[in-house]
Amino acid sequence: MTAPVTVRVQREDFDMAAEVSALCRDRTDIGAVVTFSGLCRDEAGSLVALELEHYPGMAEGEIERICHEAVKRFGLQAATAIHRFGKITPGENIVLVIAASSHRQAAFDGANFIMDFLKTSAPFWKKEHRADGRTGDWVSAKDADDAARERWKRET
Amino acid sequence: MSTVNLVYFSWVRERIGKGEETLELPADVLTVADLIAHLKTRGEEYEAAFAHENVIRAAINQEHVDHGEPIGNAREIALFPPMTGG
């Protein structure tokens with residue numbers, strides 16, 4: 818059986834517990850589930866919201882490709898990735914990744930791998946809306962994110 | 046001469062002032078790098094968008110490609126800054 822991969826790009830929020838239940842439903846072979854959720858973070862009260870732009874179609878396609886690669890590489894039994902777009906305020910969810918496998922290490926590694934590639938390859942861009950009324954600052958890509966992705970090449 | 050749909054995102058879109066356009070490509074535009082060079086001749090908004098063209102990412106038919114990639118019979122080419130999702 819091919820491990821099921823669920824990918825959604827949506828404006829609305831997600832329910833982590835409901836997504837874990839859906840992924841595990843009618844399965845008795847899953848021994849480990851790792852979830853990662855990324856939230857909109859405010860630093861020092863300066864951020865009102867993030868606006869997430871995405872490339873419809875390619876965003877879903879890239880995340881699916883990354884999830885399938887993780888399934889193959891780590892032998893995951895299921896994977897879910899949900900990424901939101903639109904205006905998101907501090908404290909709200911942005912992204913959810915769930916990796917399931919027989920044993921914990923593959924699930925941890927799978928979730929980590931999916932996030933590292935999602936950050937650098939999935940076509941999303943964040944724009945800041947700031948408390949002082951300024952908008953228009955696009956979040957810059959970080960070298961650390963590229964480095965995080967690169968380490969998976971070395972560890973092969 | 047071939048017709049291609051161009052899509053722009055984030056500050057590339059903002060600097061150019063539109064999210065997409067359809068363009069007739071001259072016969073000497075063979076690669077993504079050629080396309081960017083060609084776009085830069087179309088006005089100062091394009092020059093501003095592609096001033097640091099080495100940071101620009103590209104996708105052909107919704108798959109990531111390098112600047113050296115031949116355009117071929119691409120239907121859709123996207124140009125955008127490094128991604129900041131997650």
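Protein chains in written order, with this note's numbering: chain A, 818 to 973; chain B, 46 to 131.
Each residue gets a CB set at the ideal place from its N, CA and C atoms; glycine is no exception.
| query | result |
| --- | --- |
| Which same chain residues end up closer than 7 Å to Phe925 of chain A when comparing Cβ atoms and leaving out the 5 residues on each side of it in sequence? | Val851 |
| Closer than 9 Å, Cβ to Cβ, to anything on chain B: give me those residues from the region 846-872 of chain A, in chain order. | Gly855, Leu869, Glu870, His871 and Tyr872 |
| Please classify His871 of chain A as buried or exposed, where buried requires at least 16 other C-beta atoms within 10 Å of its C-beta. | buried |
| If you follow the alpha helix (DSSP H) that Asn106 of chain B is part of, which residue opens it and which one closes it? | Segment: none, Asn106 of chain B is in no alpha helix (DSSP H) and carries neither H nor E. |
| On the premise that His83 of chain B lies in contact with Val77 of chain B, defined as a C-beta separation below 8 Å, what is that separation, rounded to the nearest angstrom? | 10 Å between Cβ atoms; not a contact. |
| At least one CB of chain A closer than 8 Å to the CB of Thr129 of chain B: is that the case? | yes |
| So, is Gly117 of chain B buried or exposed, given that buried needs 16 or more other C-beta atoms within 10 angstroms? | exposed |
| Indicate whether at least one CB of chain B lies closer than 8 Å to the CB of His943 of chain A. | The amino acid at residue 943 of chain A is misidentified as His; the sequence shows Lys. At least one chain B Cβ lies under 8 Å of Lys943 of chain A. |
| Extract the residue ranges of the beta strand (DSSP E) inside the region 865-928 of chain A, only unbroken runs of 3 or more that lie entirely within it. | 895-901, 903-905 and 910-918 |
| Looking at Val888 of chain A and Ala820 of chain A, is the spacing between their C-beta atoms short of 8 Å? | yes |
| Using a Cβ cut-off of 8 Å (strictly closer), state whether Pro940 of chain A contacts chain B. | yes |
| For Phe831 of chain A versus Leu913 of chain A, is the C-beta distance shorter than 8 Å? | yes |
| Residues bridged to Asn50 of chain B by DSSP? | B:Thr67 and B:Glu121 |
| Please report the Cβ distance between Phe941 of chain A and Arg966 of chain A, rounded to the nearest whole angstrom; I am assuming they are in contact, meaning their Cβ atoms lie under 8 Å. | Wrong, their Cβ atoms sit about 15 Å apart, outside the cutoff. |
| What is the DSSP secondary structure of Glu945 of chain A, reduced to helix, strand or coil? | strand |
| Using a cut-off of 7 Å between C-beta atoms, extract the partners of His109 of chain B located in chain A. | Ser938 |
| Could you check where the beta strand (DSSP E) with Ser863 of chain A kicks off and where it finishes? | Premise fails: Ser863 of chain A is in no beta strand (DSSP E) and is neither H nor E. |
| What residues in the region 893-924 of chain A bring their beta carbon closer than 8 Å to a beta carbon of chain B? | His900, Ile911 and Val912 |
| 8 Å is my cut-off, CB to CB: does Phe125 of chain B come that close to chain A? | yes |
| Tell me the rounded alpha-carbon separation between Ile105 of chain B and Glu121 of chain B. | 6 Å |
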